[in-house]
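Asks: Just so you know, we're using the working numbering here: the sequence shown kicks off at 3 and counts up by one.
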Amino acid sequence: CSSDLDLLLIIANVAHEYGHHLRGNRVTVSSWGQLALKEGLTVLFQNDVRGHLIGDAARVMDLLDLRRVQFPEEITIGAPVLRGEVEDPHQLYTRTTYLKGAEIFRMMRTVVGETAWRRVIDEFVRRHDLGSVAVDDFVRVVVDVVPDKRTTIEGIRNWFAFRGRPRIAVQSQHETAVVRTDSAAES
Numbered sequence: 003c004s005s006d007l008d009l010l011l012i013i014a015n016v017a018h019e020y021g022h023h024l025r026g027n028r029v030t031v032s033s034w035g036q037l038a039l040k041e042g043l044t045v046l047f048q049n050d051v052r053g054h055l056i057g058d059a060a061r062v063m064d065l066l067d068l069r070r071v072q073f074p075e076e077i078t079i080g081a082p083v084l085r086g087e088v089e090d091p092h093q094l095y096t097r098t099t100y101l102k103g104a105e106i107f108r109m110m111r112t113v114v115g116e117t118a119w120r121r122v123i124d125e126f127v128r129r130h131d132l133g134s135v136a137v138d139d140f141v142r143v144v145v146d147v148v149p150d151k152r153t154t155i156e157g158i159r160n161w162f163a164f165r166g167r168p169r170i171a172v173q174s175q176h177e178t179a180v181v182r183t184d185s186a187a188e189s
């Protein structure tokens with residue numbers, strides 16, 4: 003007897019592996035320390051598929067996953083998304099690598115827009131097909147495809163190095179928002 007949760011997990015797993023097939027299997031990471039590139043993009047795709055199938059509730063589920071499984075992990079391991087090289091690559095298969103990595107890529111996509119993001123992914127695969135790359139290579143493609151967003155994208159790129167949850171201050175000025183990140187992070 004299957005439940006709705008079982009169905010959602012099956013959808014997530016199929017979407018995740020299909021995401022690897024579309025992107026991750028054509029371009030691999032240059033080192034284990036760059037695993038968030040492959041897994042973060044794939045989880046973003048996985049979440050998009052879930053959103054397409056079940057609507058806006060999927061985004062709520064994404065955020066609940068972050069709060070329920072990724073936030074507590076940050077308290078225990080306190081590691082950034084990109085951790086560099088480690089003795090045992092299994093140490094990198096964390097919810098921080100997968101879920102927080104996906105959210106950082108989601109921020110980039112939000113900044114450049116859906117249409118430009120599609121061009122970014124196409125150009126990334128074109129440039130690096132069957133190659134091995136790092137997150138900085140992906141960021142370079144984003145900036146090349148959407149050069150007017152360079153400063154914002156490079157700022158978002160820094161989130162891969164944050165430990166914990168960055169504190170954010172938002173100031174509203176005449177219908178525009180100014181977002182600044184504090185280099186200190188919550189533990």
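Positions of the beta carbon are idealized from the N, C-alpha and C atoms, including for glycine.
#1: Spatial neighbours of residue 36 within its chain, please: C-beta separation below 8 Å, excluding the five flanking residues on both sides.
#2: Locate the alpha helix (DSSP H) running through residue 21, then write down its first and last residues.
#3: Taking the alpha-carbon positions, what's the residue 189 to residue 74 distance?
#4: Rounded to whole angstroms, how far is the Cβ of residue 79 from the Cβ of residue 99, which I believe are closer than 8 Å?
#5: Under DSSP, the alpha helix (DSSP H) around residue 148 begins and ends at which residues?
#6: Tell me the rounded alpha-carbon separation between residue 6 and residue 102.
#7: Can you tell me whether DSSP reads residue 85 as helix, strand or coil?
#8: With burial defined as no fewer than 16 other Cβ atoms inside 10 Å of the residue's Cβ, what is the status of residue 42: buried or exposed?
#9: Give the range of the alpha helix (DSSP H) segment to which residue 103 is assigned.
#10: Count the CB pairs spanning the stretch 137–157 and the stretch 45–56 that are closer than 8 Å, and state whether there are at least three.
#11: According to DSSP, is residue 141 part of a helix, a strand, or is it coil?
#12: Using the Cα positions of residue 65 and residue 108, report the straight-line distance between them to the nearest angstrom.
#13: State the Cα-Cα distance for the pair residue 115 and residue 23, rounded to the nearest angstrom.
Replies: According to the structure data:
#1: Taking the first residue of the sequence shown as position 1, residue 36 is located at position 34. Only 84, 135, 136, 137 meet the Cβ criterion.
#2: Within the sequence shown, numbered from 1, the residue matching residue 21 stands at position 19. Segment 6–21, the alpha helix (DSSP H) holding residue 21.
#3: Numbered from its first residue, the sequence shown carries residue 189 at position 187. Numbered from its first residue, the sequence shown carries residue 74 at position 72. Note on residue 189: pLDDT 48, under 50, position unreliable in the model; no value is reported.
#4: Residue mapping note: residue 79 aligns to position 77 of the sequence shown, counting from 1. Residue mapping note: residue 99 aligns to position 97 of the sequence shown, counting from 1. Rounded, the Cβ-Cβ distance is 10 Å, inconsistent with contact.
#5: Residue numbering aside, residue 148 sits at position 146 when the sequence shown is read from its first letter. Counting along the chain, residue 148 falls outside any alpha helix (DSSP H), and DSSP gives it neither H nor E.
#6: The residue you call residue 6 lines up with position 4 of the sequence shown. The residue you call residue 102 lines up with position 100 of the sequence shown. Going by the C-alpha atoms only, they are around 25 Å apart.
#7: Position 83 of the sequence shown, counting from 1, holds the residue named residue 85. Here residue 85 sits in coil by DSSP.
#8: Walking along the sequence shown from the start, residue 42 turns up at place 40. With 16 or more Cβ atoms within 10 Å of its Cβ, residue 42 is classed as buried.
#9: One-based indexing of the sequence shown puts residue 103 at position 101. It spans 103–114 - the alpha helix (DSSP H) in which residue 103 sits, taken as one unbroken run.
#10: no
#11: Within the sequence shown, residue 141 is the residue found at index 139, counting from 1. Residue 141 falls in the helix class under three-state DSSP.
#12: Here residue 65 is taken as the residue at index 63 of the sequence shown, counted from 1. Here residue 108 is taken as the residue at index 106 of the sequence shown, counted from 1. Computed Cα separation, rounded: 12 Å.
#13: Along the sequence shown, one-based indexing puts residue 115 at 113. Along the sequence shown, one-based indexing puts residue 23 at 21. Roughly 23 Å separates the two Cα atoms.
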